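See below for the structure under consideration.
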């Protein structure tokens, strides 16, 4: 079970802007959005990996290398993780896998 260190976006501004004004997350780290099933990369300066998970932290879908000015969504997702582009593959993430979030 891959371990990913997450920073939870809690405040309105963190949820609204996500990684827009931040550098890409470090290897093994992600920005997480609870109660979320869709993200956009409008105004982003770099591509990201987006991992959609359910309430049991099971990976439902991965949008790898989501380029700027795109959207991604997943029916049934309860949390979304935004990772550095290529990080989902490096961690060996795949649909059906359970994550250990810390």
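Numbering (the numbering used here), first residue to last: -7 to 94. We put the CB at the ideal spot given by N, CA and C, even for glycine. Please read these numbers as outputs of a predicted model, since none were measured by experiment.
The straight-line gap separating the alpha-carbon atoms of residue 19 and residue 38 is approximately 15 Å.
If you look at residue 71, you'll find it in the beta strand (DSSP E) that goes 71 to 76.
Of the candidates 47, 62, 49, 50, the residue whose Cα lies closest to the Cα of residue 41 is 62. In this structure, residue 45 sits away from residue 74, with a CB-CB distance that is not shorter than 8 Å.
At the C-beta level, residue 71 and residue 28 come within 8 Å of one another.
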